[in-house]
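Below: one structure, written as C-alpha cells.
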Amino acid sequence: MAKLFKQHVFFCTHSRDDSSNCAEHKAQSLRDYAKKKVKKLKLKKVRINSAGCLGRCSLGPILVIYPEGVWYQYQSKQDIDLIIESQLQNNRIVEHLKR
Ligand code: FES
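First residue of the sequence shown? That's 233 in this note's numbering, and the numbers climb one at a time after it.
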C-alpha cells in the first residue's frame, strides 16, 4: 500500500495558564499559515497537524517533522516559509532553527 503522506508536521498549539506554552507564542496562527501555504504550493504528500504539548515547552513555539524526527523552533512567517522551502520541498535541514 502506498504511503498516504510523505511527511507529517506537528505544531504544538497547547495552551495552559502560564506563559511557557506554545499557544502564547502565536503557534495557532503560524500553524494556520503553514497549512495554507502547503495547500497553495500543492504539497499533497505533506500533512500539517495540530498537536497537544510535545514535551519541549521551554523551546516553544516548537514543531516536529516526521519521519525525519527533526524539531524546529520558529518565530515568524519567514521561519515557516524557510522550513517549508528547505525541509519539506528540498529535504534540507534549516540548521539555525533546528532544536
Ligand atoms: S506547550 Fe508546546 S511543547 Fe509543551
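Positions of the beta carbon are idealized from the N, C-alpha and C atoms, including for glycine.
Does the Cβ of residue i lie closer than 6 Å to at least one heavy atom of ligand 1?
i	result
R288	yes
G292	yes
N281	no
H257	no
Just to confirm the assignment, what range does the beta strand (DSSP E) spanning residue i have?
i	result
V326	Neither: V326 is in no beta strand (DSSP E) and is coded neither H nor E.
S261	Careful: S261 lies outside any beta strand (DSSP E), inside the alpha helix (DSSP H) at A259 to K272.
S282	V278 to A283
By Cβ distance, which residues of its chain are closer than 8 Å to residue i, with the 5 residues on each side in sequence left out?
i	result
K235	K277
S252	C289, S290 and G292
Where do the N-terminal and C-terminal ends of the alpha helix (DSSP H) with residue i fall, by residue?
i	result
I312	K309 to I315
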